[in-house]
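Sequences listed follow chains L and S, in order.
First residue of the first sequence: 1, per this note's numbering; consecutive thereafter.
First residue of the second sequence: 1001, per this note's numbering; consecutive thereafter.
Okay, so here's the structure we're looking at.
2 protein chains.
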Amino acid sequence: MTHCHTYIQALRNQGYRITPQREMIIETLAHGDVHMSAEEIYQQVLQRSKAVNLATVYRTLDLLVDKGYATRFMDSDGKLMYATEKHGTHLHLTCRICGNNYQTDANLLNPLIRQIEEMTGFKADFEHIALSGICKNCLDQNINTLKKEKEV
Amino acid sequence: MTHCHTYIQALRNQGYRITPQREMIIETLAHGDVHMSAEEIYQQVLQRSKAVNLATVYRTLDLLVDKGYATRFMDSDGKLMYATEKHGTHLHLTCRICGNNYQTDANLLNPLIRQIEEMTGFKADFEHIALSGICKNCLDQNINTLKKEKEV
DNA sequence: TCCGCTATTGCAATTATTTGCAATAATATA
DNA sequence: TATATTATTGCAAATAATTGCAATAGCGGA
Chain L
1 MTHCHTYIQA LRNQGYRITP QREMIIETLA HGDVHMSAEE IYQQVLQRSK AVNLATVYRT
61 LDLLVDKGYA TRFMDSDGKL MYATEKHGTH LHLTCRICGN NYQTDANLLN PLIRQIEEMT
121 GFKADFEHIA LSGICKNCLD QNINTLKKEK EV
Chain S
1001 MTHCHTYIQA LRNQGYRITP QREMIIETLA HGDVHMSAEE IYQQVLQRSK AVNLATVYRT
1061 LDLLVDKGYA TRFMDSDGKL MYATEKHGTH LHLTCRICGN NYQTDANLLN PLIRQIEEMT
1121 GFKADFEHIA LSGICKNCLD QNINTLKKEK EV
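Structure below.
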């Protein structure tokens, strides 16, 4: 059974109706890029069928997020993006000076997630986490500027 | 020197102009609740002076985020919130079944942040991290439902 | 103190996302 | 197969956040 059908079946098992729109949206998200915006998904679904509306895309994505099958997050430009667990846990590092994104080994998250479960019993979903800060490049090049920034 | 004046001085040092609007917005965010929405900040500033506009609030908050003095994040309802480092690193756990928020010891993040710095040289800002998942309560009560969810 | 430069603001328009409601359609049951 | 129930959709309106531009004002220099 393919990736997207897992979600579709799971939703059906929970009493949700499976419409052609929902199928196409889930498929597009599950088989598309690492992360996609609602508009991107909408445009791709439109190429297959006119029988879809942007509001429906948002609603379906919301449902997937509510159910834990997808994650909604803001990218470095503050834009809303969605991702499924297909690409696993993400740990992005965004430099607020140069704007570059660095991807780091998401396995670093595993101890944290495990510790939280031990301490609280909370079972975390896969996650897409973005940490903001300053990359090594900018730290090296802007040592004087940063010093001035912190002066009070 | 008080908390909000640190940011004001730092911005001034960087050549930004300090307007009465910016002062009030920064003060409200720095001395207000743990996290606030732009609208909440706007309403509070309005009580002190009519000389402010919601667009200005958003712009000032954006500037603070760009400079690393504040964090923008989505709360459990997908609503945009802002926070300063006053309340330190936050680690929220949001249950997607009951909707409850649990706050957990943010010190758990320290090893992760340290590890990232060692591996990549990336110096992370204070953060506000929200992990989605299922809390212990719901896990206990909904064991059958969850089983059904995962059936494929 | 005055003036010039230009960052910042208010306002209105634009864009992105959400919501209400009537029409449509998925699906269970007879 | 037909029907009933009601979830879901499309559409338009509403809300939340962003952007363009002329007016305003912060602040450095003379």
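Beta carbons: idealized from backbone N, C-alpha and C, even for Gly.
- Closer than 8 Å at the C-beta level to chain S, one finds these residues of the stretch 104-127 of chain L: Thr104, Asp105, Leu108, Leu109, Pro111, Leu112, Ile113, Gln115, Ile116, Met119, Thr120, Gly121, Phe122, Lys123, Ala124, Asp125 and Glu127.
- Put simply, the CB of Cys1135/S is near chain L, with a gap under 8 Å to one of its CB atoms.
- Note on Tyr1007/S: 16 or more other CB atoms within 10 angstroms of its CB, so buried under the neighbour-count rule.
- Just so you know, the alpha carbons of Lys86/L and Ala30/L end up roughly 7 Å apart.
- Assignment of Tyr58/L by DSSP, reduced to helix, strand and coil, places it in the helix class.
- Residues of the stretch 1076-1106 of chain S whose Cβ lies closer than 7 Å to any Cβ of chain L, in chain order: Gly1078, Leu1093, Arg1096, Tyr1102 and Thr1104.
- Under the 10 Å beta carbon count, Ala1055/S is surrounded by fewer than 16 other beta carbons and is classified as exposed.
- Neighbourhood of Leu139/L in chain S, by CB distance below 8 Å: Gly1121 and Lys1123, in chain order.
- With a cutoff of 8 Å on beta-carbon distance, Ala51/L and His92/L are scored as not near each other.
- Using a Cβ-Cβ cut-off of 7 Å, Ile129/L is close to Ile1129 of chain S, given in chain order.
- Contact fails between the stretch 1099-1112 of chain S and the stretch 1053-1068 of chain S, because fewer than three Cβ pairs, one in each stretch, are under 8 Å apart.
- Measuring C-alpha to C-alpha distances from Gly99/L to each of Gly121/L, Thr89/L, Ser132/L and Glu40/L identifies Ser132/L as the nearest.
- Under the three-state reduction of DSSP output, Cys135/L falls in the coil class, being neither helix nor strand.
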